[in-house]
Every structure is written in C-alpha cells, then in structure tokens.
Amino acid sequence: MPSRFQVASSSGNKMTNLSTDEALGAAAIAAHQFSFKNKAYLLPPQRCGCFSCLAIFRSTELEEGDFVPENDGQYTACCPYCGIDSVIGENCGYAITPELLAAMQDYWF
24 MPSRFQVASS SGNKMTNLST DEALGAAAIA AHQFSFKNKA YLLPPQRCGC
74 FSCLAIFRST ELEEGDFVPE NDGQYTACCP YCGIDSVIGE NCGYAITPEL
124 LAAMQDYWF
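In our numbering, the protein residues as written are 24 to 132.
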C-alpha cells in the first residue's frame, strides 16, 4: 500500500490525502518556480539538483558564469554539468532527491 500524505488544499484548511506518487508530482510542479531568477537563494551552500540531466551537486560548484541575466536584472542558474537552466536548491523547501528530479524531468521535459 502506498504511503499517504496530508496536504492542505488551496481552498482553506480542508486536508487532502495524497499518495506518495501524487505528492511527488505535486512537489515536482511546485518546485519548478525555484528554477529561475534563483541566484540569491542558491548562493548559500546547499544541495542542488538539475532536473534536466539529474545531477546532484553542491551550490558551491556554481560559478559566476553559470548564471544568466534575466530582463529584470535577476539571474538564473544553469547546471554546471549540462548547461540547462533547470537547477533548484534545497533552500526552496524540497529535499533534492533523485526521485524529485526525475519527477520534474518527466513533467517539464
């Protein structure tokens, strides 16, 4: 039997039971917002991952050249291994695991 999570719904305090796969899918969608304009929150040392090539690495591996400017002056990290702008860090509130990255890759690519 799959594990179940209780997640607050957007319609108030009502709780919804989600299977592990459903929770992982929801996390894959929600974590995506942290893959752009993310330089400021990736600067502190932390575990990072790329949901394009599935590499897991430390944020200290990111170099200045791995950040590309956005029109508003913010910067987005590109993976130091594949060069794609699909990097998230654990400071986004989600554990950086192979399972999360694979779920994000499945959904976004």
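Built from N, CA and C at the ideal position, the CB exists for glycine as well.
Around the beta carbon of G72, 16 or more other beta carbons sit within 10 angstroms, so the residue counts as buried.
Between the stretch 45 to 54 and the stretch 85 to 96 there are fewer than three inter-stretch CB-CB distances shorter than 8 Å, so the stretches are not counted as touching. For G106, the closest C-alpha among the options G116, T120, F74 is that of F74.
Judged by DSSP in its simplified three-state form, P103 adopts coil rather than helix or strand. Sorting Y98, A46, C115 by C-alpha distance to the C-alpha of P68 places C115 at the top.
Counting only unbroken stretches of 3 or more residues, the beta strand (DSSP E) elements lying wholly within the stretch 49 to 127 are 70 to 73, 79 to 81, 90 to 92, 98 to 100, 110 to 112, in sequence order. 8 Å or more divides the Cβ of F59 from the Cβ of T120. A straight-line Cα-Cα distance of about 18 Å links A78 and L66.
Taking every protein chain shown into account, the CB of A63 has fewer than 16 other CB atoms within 10 angstroms, so this residue is exposed.
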